[in-house]
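Everything in the sequence shown is counted per the working numbering, starting at 43 for the first residue and increasing by one. Glycine included, C-beta positions come from ideal geometry on N, C-alpha and C. The next block holds one structure in the form of structure tokens; read it before the comments.
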Amino acid sequence: MKLFLTKNPKKHKTDPHYKQAKRENYRARSAYKLLEINKRFNLFKRAFYILDLGSTPGSWLQVARKIAEENLEKYNDGYYHRDHFKILGIDVKAISPIEDVKTLRMDFTLPEFRDEIWNYFGKKVDIILSDASIKKSGIQFSDDINQIKLCYKVLEIVDLFLKIKGSLVIKAFQGSDFNKFFSDMKKEFKYVKSYKPKSSRKDSNEIYLVGIKKLW
Ligand SMILES: C[S@@+](CC[C@H](N)C(=O)[O-])C[C@H]1O[C@@H](n2cnc3c(N)ncnc32)[C@H](O)[C@@H]1O
43 MKLFLTKNPK KHKTDPHYKQ AKRENYRARS AYKLLEINKR FNLFKRAFYI
93 LDLGSTPGSW LQVARKIAEE NLEKYNDGYY HRDHFKILGI DVKAISPIED
143 VKTLRMDFTL PEFRDEIWNY FGKKVDIILS DASIKKSGIQ FSDDINQIKL
193 CYKVLEIVDL FLKIKGSLVI KAFQGSDFNK FFSDMKKEFK YVKSYKPKSS
243 RKDSNEIYLV GIKKLW
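As structure tokens, this is what we get:
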């Protein structure tokens, strides 16, 4: 299976997460970021309806699918439970098919996407994931601002489609406007935590914000 690489292929070949992803059939090493985040915050507890924004090549979708499938067995009790899962992934780039996962090639900031979400799930979702990244220009100041702008677009989708008590994982860049975004997220969730997974490169200013228990 082809594993997706970024700029420096040499660096990847010696990277333990790259090798692990190859061994475990994940499409990208980013899978381990989500697995680490979930281990730390247990976000996928009773998650059956999952929306993933910025999905290509699809390793977060692979992780989400695996956990959602396990949840069908694990939470087969009298509490909140479903007998099926639904996962929707979207990216402007193509996503190779994943069994039982719906994917769309589309810009998620477009209003038409909202109809797609509603038509597919028919109700609000349990968890929203966004590993979406802007295309970096190399000018860090504007890249940081543009990433946070994208995060606000994600928050609009969260407002409309995440159920009360649902969770969000979102990638931000630590830079201009980060603190404001962090405070705005706190208005939406009971708890907001920032987390840098060990599998996230130390030389990158990416950080994940985790929103737990959506308020309204
Ligand atoms: C880091 S990659 C995601 C990796 C993915 N989580 C995985 O594990 O395979 C970020 C993705 O966000 C996508 N993206 C950024 N802005 C987007 C937008 N407005 N609509 C759809 N996709 C977007 C990019 O095309 C890119 O593929």
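Residue i, buried or exposed, once every other Cβ within 10 Å from all chains shown has been counted against 16
{"i": "L93", "result": "buried"}
{"i": "Y60", "result": "buried"}
{"i": "R69", "result": "buried"}
{"i": "K96", "result": "Residue identity differs from the one stated: residue 96 is Gly in this sequence, not Lys. By the neighbour-count rule (16 or more Cβ atoms within 10 Å), G96 is buried."}
{"i": "A136", "result": "exposed"}
{"i": "S225", "result": "exposed"}
{"i": "N118", "result": "exposed"}
{"i": "M148", "result": "exposed"}
Same chain, Cβ closer than 6 Å to residue i, neighbours up to 5 away in sequence not counted
{"i": "L130", "result": "L93, K144 and Y162"}
{"i": "K75", "result": "P239, S241 and S242"}
{"i": "I190", "result": "D219 and F223"}
{"i": "L202", "result": "none"}
First through last residue of the alpha helix (DSSP H) which encompasses residue i
{"i": "V196", "result": "Q182 to F203"}
{"i": "F224", "result": "F220 to K228"}
{"i": "Y60", "result": "P58 to R65"}
Collapsed DSSP secondary structure at residue i in the structure displayed
{"i": "F127", "result": "coil"}
{"i": "F90", "result": "coil"}
{"i": "F83", "result": "helix"}
{"i": "D157", "result": "helix"}
{"i": "E248", "result": "strand"}
{"i": "V167", "result": "strand"}
{"i": "L152", "result": "coil"}
{"i": "I109", "result": "helix"}
{"i": "L257", "result": "coil"}
{"i": "K135", "result": "coil"}
{"i": "K116", "result": "helix"}
{"i": "S209", "result": "strand"}
Own chain partners of residue i with C-beta closer than 8 Å, once the 5 adjacent residues on each side are dropped
{"i": "I254", "result": "F83, L85, S209, F231, K232, Y233, V234 and K235"}
{"i": "A63", "result": "L45, R69, A70, R71, A73, Y74 and S101"}
For residue i, the first and last residue of its enclosing beta strand (DSSP E)
{"i": "K144", "result": "K144 to R147"}
{"i": "K235", "result": "F231 to Y237"}
Residues of its chain near residue i, where Cβ-Cβ distance is below 7 Å and the 5 sequence neighbours each way are ignored
{"i": "R179", "result": "First, the residue type needs correcting, since residue 179 is Ser and not Arg in the sequence shown. Same-chain partners within the cutoff: D185."}
{"i": "R124", "result": "F90"}
{"i": "L204", "result": "K166, V167, I170, L210 and K256"}
Q.
Tell me whether the stretch 174 to 184 and the stretch 157 to 164 touch, counting them as touching only if at least three CB pairs, one residue from each stretch, are closer than 8 Å.
A. no
Q: State whether the stretch 180 to 190 contacts the stretch 215 to 228, with contact taken as three or more CB pairs (one from each stretch) at a distance under 8 Å.
A: With the cut-off at 8 Å, the stretch 180 to 190 and the stretch 215 to 228 touch.
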